[in-house]
Each structure stands twice: as structure tokens, then as C-alpha cells.
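**Student:**
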Amino acid sequence: MQLSVYRGRFAPSPTGSLHLGSLVTAVASYLEARIHNGEWLVRIEDVDSTRVIPDSSRQILHALESLGMDWDGEVVYQSQRHTAYQTTLTKLNKNGLIYPCACSRREIADSAMRGVEGPVYSGSCRNGLPSNHADRPHALRVKTENSQIEFVDNLQGKVHQCVESEIGDFVLRRADGIYTYQLAVVVDDAWQGITHVVRGADLLHSTPRQIYLQKLLGYKTPAYLHLPVVVNKQGEKLSKQTQAAPIDLTKPLPQLVATLRFLGQNPPDELVEGDINSFWQWALAHWQAEKIPKGSHFINEP
Ligand code: GLU
Numbered sequence: 008m009q010l011s012v013y014r015g016r017f018a019p020s021p022t023g024s025l026h027l028g029s030l031v032t033a034v035a036s037y038l039e040a041r042i043h044n045g046e047w048l049v050r051i052e053d054v055d056s057t058r059v060i061p062d063s064s065r066q067i068l069h070a071l072e073s074l075g076m077d078w079d080g081e082v083v084y085q086s087q088r089h090t091a092y093q094t095t096l097t098k099l100n101k102n103g104l105i106y107p108c109a110c111s112r113r114e115i116a117d118s119a120m121r122g123v124e125g126p127v128y129s130g131s132c133r134n135g136l137p138s139n140h141a142d143r144p145h146a147l148r149v150k151t152e153n154s155q156i157e158f159v160d161n162l163q164g165k166v167h168q169c170v171e172s173e174i175g176d177f178v179l180r181r182a183d184g185i186y187t188y189q190l191a192v193v194v195d196d197a198w199q200g201i202t203h204v205v206r207g208a209d210l211l212h213s214t215p216r217q218i219y220l221q222k223l224l225g226y227k228t229p230a231y232l233h234l235p236v237v238v239n240k241q242g243e244k245l246s247k248q249t250q251a252a253p254i255d256l257t258k259p260l261p262q263l264v265a266t267l268r269f270l271g272q273n274p275p276d277e278l279v280e281g282d283i284n285s286f287w288q289w290a291l292a293h294w295q296a297e298k299i300p301k302g303s304h305f306i307n308e309p
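8 is the number of the first residue of the sequence shown in my numbering; add one for each residue after it.
Rendered as C-alpha cells:
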């Protein structure tokens, strides 16, 4: 048997139903995996329990099934992976790579340095907690390095970032005990043997942090392809917060066709009249990743 050399994934956060924005990521990651004869896994990123909307995991999985997007293996839930995240922190701690930080939001926001995501943490707790902070709940941060992380994204091209000066030492476990996305995604992509990550370009700035962690932990770096983000008329990313409408599962074909068009493909109008099977047949026969536009744009909703 030939071993699969492509293992992709779709990793939605269960903060609401599947909408056109998340459907774009699901469809592109699915097609990329399938045209490479690869596997496509689904991981529910419910690590931040404070943001989880009850029942949305079930709704997302039900939507994928009704849209004919069959995944491989068991669905992984990050809420069941806490032991793996804690073990990883213990390992980093043994190597002196993480430290407690009890700075308040205010103290962090006051940092004079601004990076790609706002204030850059100054590293003030790197050499130990100040004595007047010792009894505050503390986060755990990873020490970053003053060197460039570089990678070539399969759509966006060359990306480089100095994590220390552009982001700063970043949080792996929050003061409220919640493991962060950056930690969980790195641990799980490695554990699940993900070879190719296809996701929205809103995460492009996170990728160097993830590659940095992969290097610290001795993990392989997967290939990355960051898709254009779907924005609404106000130019905001389509999301639960911007009131994106859930996919209407009673007539999914216009939305699937709109998704392919957003991704630069050229599906014929008749596809809307057919069924889900003929949609996927066409999509698999004609999918060309090189046609995906780089920039975020508006989607012509059906
Ligand atoms: N859970 C993230 C989201 O829904 C995606 C994370 C990833 O693909 O790395 O935006």
C-alpha cells in the first residue's frame, strides 16, 4: 500500500455555524487534499472554551456531511487534548524556553513597540516575576529569538518575520489556564501528521510563530497555502462577529458554486441545477489551485 504523502485538514473553531467564509476554507482544503489523493481530516478547535457556542460543532459537522465533504478518520476535539498541550509545556519548561508572566493587559498595551498585531511584549518578566506581581495569576510565554523565520507560502509567496521584534514572546497558556491557539495548532498539526495546511490569510502572520514553535519542539514544518479572506461590503472579514449568514443547507449548490468562483475557478452556471455529486465531480476534474487570487475580496452571494 502506498503511504499517503498528503494529509490536509480543516480546523474550524466552533464559534458559530459554517458560513461562506469558512466554507471557502473547507472547500479549498478538501479539494487540494483530494486532487493529491490525500487525506482530509477535521479538527474542532474548541480549545478556547470561553468562545465556544453550544451545538456549533455538531452543526458544522452536519453541514460538511450534507455538502458531501467526507473526512478521513475520527474528528479530533482540542478540548480533549489538554494532556498533550500540558506535556508540551512541561518539555519546553525543562529546556528553559517558557516563563511565567503576570503583566496586566494595561501594562502590555503600554509597550512602546508596535508589531504586526499591536503591542510587542517587552519581555519584562523574562528574568523572573517582579515581587509585587508574584501572587497574580500568570500566563506562560515562550522566549522568542531575534532571527528571521522565512517560508514560501504556496499562494502568497515568500513570507518572513522576526518573531521577537514583530510579535514578541507570545503566550502559550493564558492566565485563566486556557491553552492558546498557537500552542494547540502546532501540537495537533504535528500529532496528526499534517503535511499541508490550507487556511485563511488572516492567519498568515501567525505562521512564523508556529514554525518557530515547530523548530523548538523538533517537529516538521508542513507546507502552507493561505487563501484570500472573504470580506463583506464594509471590508470586514466574514465571521460570526460580522453577522455572516449560515450556509443554507436546503439549497447548497448556489453557495458551493459561489465558493468556487471566489476561489478563481470557472464553474458553469448549469452546476447550480445539478446535484452535489455532479458538483464535486466537476470541481475535482477542474480544480486549479494556481487560479486562486491572492487578495481578500468580496464574494458574490447567490
Ligand atoms: N480554528 C481557526 C479558525 O477557525 C483555524 C486555524 C487553522 O486553520 O490553523 O479560524
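Think of the CB as a built atom: it goes at the ideal place given N, C-alpha and C, for glycine as much as any other residue.
Return helix, strand or coil for H304, following the three-state DSSP convention.
**Tutor:** H304: strand per DSSP, three-state reduction.
**Student:** If you draw a straight line from the C-alpha of G80 to the C-alpha of L278, how long is it?
**Tutor:** Computed Cα separation, rounded: 30 Å.
**Student:** Any chance the segment 72-92 sits against the segment 120-139, with 3 or more Cβ pairs inside 8 Å?
**Tutor:** No, they do not touch.
**Student:** For W47, which residues does DSSP report across the bridge?
**Tutor:** DSSP lists G15 as partners of W47.
**Student:** Once DSSP output is grouped into helix, strand and coil, what is the label at L232?
**Tutor:** Here L232 sits in strand by DSSP.
**Student:** Using the Cα positions of G184 and Q199, report the straight-line distance between them to the nearest angstrom.
**Tutor:** Cα to Cα, the separation comes out at about 24 Å.
**Student:** Could you tell me whether any non-hydrogen atom of the ligand GLU is closer than 7 Å to the CB of R206?
**Tutor:** R206: yes, Cβ under 7 Å from the ligand GLU.
**Student:** What are the partner residues of G164, as DSSP defines its beta bridges?
**Tutor:** D160.
**Student:** Does the beta-carbon distance from L270 to A35 come in below 8 Å?
**Tutor:** Contact flag set, yes.
**Student:** Quick one: is E124 buried, meaning 16 or more other Cβ sit within 10 Å of its Cβ, or exposed?
**Tutor:** By the 10 Å Cβ count, E124 comes out exposed.
**Student:** Given 7 Å as the limit, tell me if E39 has its C-beta closer than that to any heavy atom belonging to the ligand GLU.
**Tutor:** Not so, every heavy atom of the ligand GLU lies at least 7 Å from the Cβ.
**Student:** Using 8 Å for Cβ pairs, my map puts R157 next to K165. What's the rounded Cβ distance?
**Tutor:** A small correction: the amino acid at residue 157 is Glu; Arg does not occupy that position in the sequence shown. Confirmed, about 7 Å.
**Student:** Which of helix, strand or coil does DSSP assign to A146?
**Tutor:** Strand at A146.
**Student:** Quick one, which of S56, R148, Q163, W294 has its alpha-carbon nearest P300's?
**Tutor:** Checked all of S56, R148, Q163, W294; the closest Cα to P300 is Q163.
**Student:** Determine the DSSP secondary structure at I115, reduced to helix, strand or coil.
**Tutor:** Residue state, collapsed to three classes: helix.
**Student:** Between L260, P259, N239, which lies nearest to Q250 when the distance is taken from Cα to Cα?
**Tutor:** When only C-alpha atoms are compared, the closest one is N239.
**Student:** Using the C-alpha atoms, what's the distance from A290 back to S20?
**Tutor:** Between S20 and A290, the C-alpha separation is close to 26 Å.
**Student:** In the DSSP assignment, find the alpha helix (DSSP H) that holds G28 and state where it starts and stops.
**Tutor:** 27-42 is the extent of the alpha helix (DSSP H) around G28.
**Student:** Return the CA-CA distance between H203 and V49, expressed in angstroms with no decimal places.
**Tutor:** Going from the Cα of H203 to the Cα of V49 covers about 13 Å.
**Student:** I need the DSSP call for Q85, collapsed to helix, strand or coil.
**Tutor:** Three-state result, Q85: helix.
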